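**Student:** Following this message is one structure expressed as structure tokens.
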Amino acid sequence: MSRLKKSRSLKGKLSKTGTKEMLKEQKKARKAASPSRFDAKKAKQRKEQSQRKLERLGLAPEVASEAPKVRPKRFTFTPKVDAQQAAQAPAETAPQDDIEISTNELLDAFTEQN
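In structure tokens, the structure reads:
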């Protein structure tokens, strides 16, 4: 029995696999699939090699070295401010205008009416 030559035509593929729509779906799935580890590794190597070549030729753009961002500590002790001290501190720093009303005074006025 002789071997048949594989057909590259769409008709030859469709006779085995299914309809044209199915072939389109397979093609979409192949394009949407994430690249294999091998392809990703090779792409990274090519990029690094091109960067090295540009540096060697003196054409590479200079990258400003940025200091790593300092992350705030998650569990730090912050002393609680008493309500009396909090009320006194804005009163001391705020100007003594009769027109200006603090938000605390407004909230107190609304709570007294209800």
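So in the working numbering the end of the sequence shown lands on 440, straight run, no missing numbers.
Glycine included, each C-beta is placed from N, C-alpha and C at the ideal position.
Every value quoted in this text rests on a predicted model; they were computed, and no experiment measured them.
1) For A386, tell me which candidate among P394, A359, P361, E374 has the shortest Cα-Cα distance.
2) Could you check the C-alpha separation between L285 and F364 for me, to the nearest Å?
3) Could you check where the alpha helix (DSSP H) with T353 kicks off and where it finishes?
4) Between the alpha carbons of A366 and K395, how many angstroms are there, rounded?
5) For the segment 367 to 401, list the beta strand (DSSP E) runs that are entirely contained and at least 3 residues long, ordered along the chain.
6) What's the call for K346, buried or exposed, on a 16-neighbour Cβ count within 10 Å?
7) Measuring only the C-alpha atoms, how far is Q377 from A369?
8) CA-CA distance, K350 and R356?
9) Quick check: the Cα distance between R400 and E392, rounded to an integer number of angstroms?
**Tutor:** On the basis of the data shown:
1) Reading the sequence shown from its first residue, position 60 is the one you call residue 386. A386 has its Cα closest to that of E374, out of P394, A359, P361, E374.
2) There is no way to answer for residue 285, as the model of the chain reaches only from 327 to 440.
3) Within the sequence shown, residue 353 is the residue found at index 27, counting from 1. A quick correction: the sequence has Lys, not Thr, at residue 353. Per DSSP, K353 belongs to the alpha helix (DSSP H) from 346 to 358.
4) The sequence position of residue 366 within the sequence shown is 40, counting from 1. The sequence position of residue 395 within the sequence shown is 69, counting from 1. Roughly 28 Å separates the two Cα atoms.
5) Counting whole runs of 3 or more residues, the segment 367 to 401 contains no beta strand (DSSP E) stretch at all.
6) Taking the first residue of the sequence shown as position 1, residue 346 is located at position 20. Residue burial is scored here from C-beta neighbours: K346 has fewer than 16 other C-beta atoms within 10 angstroms and is therefore classed as exposed.
7) As a first step, residue 377 is located in the sequence shown; it is residue number 51 there, counting from the start. As a first step, residue 369 is located in the sequence shown; it is residue number 43 there, counting from the start. Between Q377 and A369, the C-alpha separation is close to 12 Å.
8) To locate residue 350, count along the sequence shown from 1; it is residue 24. To locate residue 356, count along the sequence shown from 1; it is residue 30. Cα to Cα, K350 sits roughly 10 Å from R356.
9) Here residue 400 refers to the residue found at position 74 of the sequence shown. Here residue 392 refers to the residue found at position 66 of the sequence shown. Those two C-alpha atoms are separated by around 23 Å.
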